[in-house]
Amino acid sequence: MTYEPDEDDVKALRAMTLQQRLEGALDFTNQVRQFKMTSTRAHHPGWTEEKVMDELRRWVSRGMNPAELYPWWP
Numbered sequence: 102m103t104y105e106p107d108e109d110d111v112k113a114l115r116a117m118t119l120q121q122r123l124e125g126a127l128d129f130t131n132q133v134r135q136f137k138m139t140s141t142r143a144h145h146p147g148w149t150e151e152k153v154m155d156e157l158r159r160w161v162s163r164g165m166n167p168a169e170l171y172p173w174w175p
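See the structure below:
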């Protein structure tokens, strides 16, 4: 399955400044994070906020230790 972006979407993205694109990407990332947290709370109503955040971190890192993901990072 491949995705072909709509021509109007491509034009709109090309017209954006780098800052606007970055802000859009960060906004999208925040929305995904909020969705995942809401979903986790619904599936595990007894979990504490700390446990929900731990699950979010695990999900984002795909269960890997950040040191394993980025061994070059100091």
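Residues 102 to 175, numbered by the numbering used here, are exactly what the sequence shown covers, in order. The beta-carbon is built from N, C-alpha and C at its ideal position, and this holds for glycine as well. Remember, it's a predicted structure, so these values are computed and weren't measured experimentally.
- In the DSSP assignment, Asp-128 falls within the unbroken alpha helix (DSSP H) covering 119–144.
- A distance below 8 Å between beta-carbons, with the five flanking residues on each side excluded, links Asp-109 to no residue of its chain.
- Straight-line spacing of the CA atoms in Arg-142 and Trp-148 works out to 7 Å.
- Lys-137 is a Cβ neighbour of Leu-157, given a cutoff of 8 Å.
- Here the alpha carbon of Ser-140 sits roughly 12 Å from the alpha carbon of Trp-160.
- Out of Thr-118, Asp-155, Leu-114, Ala-116, the CA that lies nearest to the CA of Arg-134 is found in Asp-155.
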